[in-house]
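In full-length UniProt numbering, the protein residues as written are 1 to 344. By construction, the Cβ of each residue, glycine as well, lies at the ideal position given by its N, Cα and C atoms. As the structure is a computational prediction, the values presented were derived from the model and not from experiment. Below is one structure, written out as structure tokens; the observations come after it.
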């Protein structure tokens, strides 16, 4: 019997992290391999902290900007630490990544590990700041209409100051006044992801994220219960903000973030069984894999796990769309300009 397309898409992503590697080519090779498996996107972590034991991390945005022209369809999602990067710089850098990748950019909003591990009050404050940055970034992206340039047609100035779209962002520790100095990107707003495993980032995820990760383990007997609880909590928080995560415009993709160590083809098949089970139970929309060995595990994932899921009709074998939003079944958002505002 031929495999059928699932009515509810299964989403897969993979982390490319390999501490201590700074050259772009290993990341590009891994991204191309993940693309061959038709995964939705790859992620790459980043850190502003000092490297420990000679195992620092590269600039995730810079690396994935280099990976973009080496790939064609797969989404590219760097981690951006909001404590160290304000809305203006985040919005400009990600709009550039979205443009160079032709609509495949996203970002994982994060706070430094030290802040996340602090007492509840400090962690909550750090995530409130992250939410404010995410809101500011979205407003800056929406500060320009689709197709609008950054020069005034009549004045030939870099920004037409006679009709700016004013965007004021406050409360982030670095006030910003718009409009953005780059045109609106191919996706309108690149995809926003948040690791919502802990309770502090859940409010930020429920309000601002398109994708939420929840970390769990393959052999954790509490995994299914934890994923169900996280989904219910995110839905409740989202509804409190007037967001219907069941509607296309409010869709929130929940991915179980899973560490994997694959040694044999049997391991790859067992992983497919686990993913299929979670998918059937409806506890997650897919899985974000975190390989222990980037080379070994990713190869077995693409050549072992993915074909099993495709054979069972749970996973596509081609990319039906071109942008990351299309991969994730997320609509392209319209800008949020008011009728009284002029055009730049």
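TODO: Kindly indicate which three-state DSSP category residue 257 falls into: helix, strand or coil?
DONE: Along the chain shown, one-based indexing puts residue 257 at 257. Residue 257: strand per DSSP, three-state reduction.
Task: Segment limits, alpha helix (DSSP H) that includes residue 88 - done: The count along the chain shown starts at 1 and reaches residue 88 at position 88. Counting along the chain, the alpha helix (DSSP H) containing residue 88 begins and ends at 87-100.
Task: Residues bridged to residue 294 (per DSSP) - done: Taking the chain shown and counting its residues from 1, the one referred to as residue 294 is at position 294. Paired residues: none, contrary to the question.
- [ ] Within the same chain, show all residues whose beta-carbon is closer than 7 Å to that of residue 314, passing over the 5 residues directly before and after it, in chain order.
- [x] Locating residue 314 in the chain shown gives position 314, counting from the first residue. Correct list, in chain order: 6, 10, 276, 279.
Open item on the list: Taking 7 Å as the limit between beta carbons, can you name the residues of its chain near residue 34, skipping five residues before and five after?
Closed with: The residue labelled residue 34 in the question sits at position 34 within the chain shown. So the list reads 14, 42, 74, 298, 302, once near-sequence residues are dropped.
Open item on the list: Following a CB-centred definition, is residue 17 positioned closer than 7 Å to any heavy atom of the ligand ADP?
Closed with: Although the ligand ADP was asked about, the structure shown includes no ligands whatsoever.
TODO: On a CA-only basis, which of 97, 234, 274 is nearest residue 184? Give me that one, please.
DONE: Sequence index remark: in the chain shown, residue 184 carries index 184 (1-based). Closest by alpha carbon: 97.
Task: residue 213: first and last residue of the uninterrupted beta strand (DSSP E) it sits in - done: As a working note, residue 213 is residue 213 in the chain shown. Counting along the chain, the beta strand (DSSP E) containing residue 213 begins and ends at 211-215.
Task: Nearest-angstrom beta carbon gap, residue 252 and residue 210 [assumed within contact, 8 Å] - done: Sequence index remark: in the chain shown, residue 210 carries index 210 (1-based). Sequence index remark: in the chain shown, residue 252 carries index 252 (1-based). Right, the Cβ-Cβ distance comes to about 7 Å (below 8 Å), so this counts as a contact.
- [ ] Examine chain D for any beta-carbon lying closer than 8 Å to the beta-carbon of residue 9, and answer yes or no.
- [x] Among the protein chains of the structure shown there is no chain D, as only one such chain exists.
Open item on the list: Suppose you measure from the CA of residue 264 to the CA of residue 219; what does that come to, to the nearest Å?
Closed with: Stepping through the chain shown from its first residue, residue 264 is reached at position 264. Stepping through the chain shown from its first residue, residue 219 is reached at position 219. For residue 264 and residue 219, the distance between alpha carbons rounds to 17 Å.
- [ ] Rank 86, 125, 27, 187 by C-alpha distance to the C-alpha of residue 62 and give the top, closest one.
- [x] To locate residue 62, count along the chain shown from 1; it is residue 62. Comparing Cα positions, the closest option is 27.
TODO: Could you name the residues of the same chain whose beta carbon sits closer than 8 Å to that of residue 208, not counting the 5 residues immediately before and after it, in chain order?
DONE: As a first step, residue 208 is located in the chain shown; it is residue number 208 there, counting from the start. So the qualifying residues of the chain are 109, 131, 134, 135, 138, 192, 194.
TODO: Locate the alpha helix (DSSP H) running through residue 12, then write down its first and last residues.
DONE: One-based indexing of the chain shown puts residue 12 at position 12. Looking at the DSSP string, residue 12 is not in any alpha helix (DSSP H); the run it does join, the beta strand (DSSP E), is 11-15.
Open item on the list: Only counting the same chain, and skipping five residues up and downstream in sequence, which positions put a Cβ closer than 6 Å to that of residue 307?
Closed with: Counted from its first residue, the chain shown places residue 307 at position 307. Nothing listed; no residue qualifies.
TODO: Determine contact between the stretch 290-297 and the stretch 315-329, defined as no fewer than three beta-carbon pairs at a distance below 8 Å.
DONE: no
TODO: Could you give the DSSP three-state label for residue 75: helix, strand or coil?
DONE: Here residue 75 refers to the residue found at position 75 when the chain shown is read from its first residue. Strand at residue 75.
Task: Rounded C-alpha distance that separates residue 231 from residue 284 - done: Position 231 of the chain shown holds residue 231. Position 284 of the chain shown holds residue 284. C-alpha separation (whole angstroms): 8 Å.
- [ ] Determine the contact status of residue 60 and residue 45, defining contact as a CB-CB distance below 8 Å.
- [x] In the chain shown, residue 60 corresponds to position 60, counting from 1. In the chain shown, residue 45 corresponds to position 45, counting from 1. Yes, the Cβ-Cβ distance between residue 60 and residue 45 is below 8 Å.
Task: CB contact flag (residue 111, residue 71, <8 Å) - done: Within the chain shown, residue 111 is the residue found at index 111, counting from 1. Within the chain shown, residue 71 is the residue found at index 71, counting from 1. Against a cut-off of 8 Å, the Cβ pair of residue 71 and residue 111 comes out as no contact.
Open item on the list: Measuring alpha carbon to alpha carbon, tell me which residue in 67, 12, 38 is nearest residue 22.
Closed with: If you number the chain shown from 1, residue 22 lands on position 22. The option with the nearest alpha carbon to residue 22 is 67.
- [ ] Going by CA-CA distance only, name the one from 17, 295, 248, 94 that's closest to residue 333.
- [x] For this step, residue 333 is matched to residue 333 along the chain shown. It is 248 whose Cα lies nearest to the Cα of residue 333.
Task: DSSP-derived helix/strand/coil call for residue 285 - done: Counted from its first residue, the chain shown places residue 285 at position 285. Here residue 285 sits in coil by DSSP.
Open item on the list: In the DSSP assignment, the beta strand (DSSP E) including residue 234 goes from what residue to what residue?
Closed with: Numbered from 1 along the chain shown, position 234 holds the residue referred to as residue 234. No beta strand (DSSP E) contains residue 234, which is instead part of the alpha helix (DSSP H) from 223-240.
Open item on the list: Looking only at its chain, what residues have a beta carbon closer than 8 Å to the beta carbon of residue 52, apart from the 5 residues adjacent to it on each side?
Closed with: Against the chain shown, residue 52 aligns to sequence position 52. Caution is warranted here: a pLDDT of 49 is assigned to residue 52, below 50, making its placement in the model unreliable, and no coordinate value can be reported.
- [ ] Measuring alpha carbon to alpha carbon, tell me which of 107, 39, 79, 88 ends up nearest residue 187.
- [x] As a first step, residue 187 must be located in the chain shown, where it is residue number 187. Ranking the options by Cα distance to residue 187, first place goes to 107.
Open item on the list: Can you tell me whether residue 327 is buried or exposed? The criterion is at least 16 other CB atoms within 10 Å of its CB, across all chains shown.
Closed with: In the chain shown, residue 327 corresponds to position 327, counting from 1. Buried, because 16 or more other Cβ atoms sit within 10 Å of the Cβ of residue 327.
Open item on the list: Going by DSSP in three states, residue 105 sits in which element: helix, strand or coil?
Closed with: Stepping through the chain shown from its first residue, residue 105 is reached at position 105. In this structure, residue 105 counts as strand in the three-state DSSP scheme.
- [ ] Compute the distance between the beta-carbons of residue 189 and residue 234, then report whether it is under 8 Å.
- [x] Against the chain shown, residue 189 aligns to sequence position 189. Against the chain shown, residue 234 aligns to sequence position 234. Their beta carbons are not under 8 Å apart, which means residue 189 does not touch residue 234 by this criterion.
Open item on the list: Taking 6 Å as the limit between beta carbons, can you name the residues of its chain near residue 16, skipping five residues before and five after?
Closed with: As a first step, residue 16 is located in the chain shown; it is residue number 16 there, counting from the start. For residue 16, where only same-chain residues beyond five positions count, the Cβ hits under 6 Å are 27, 30, 42, 44.
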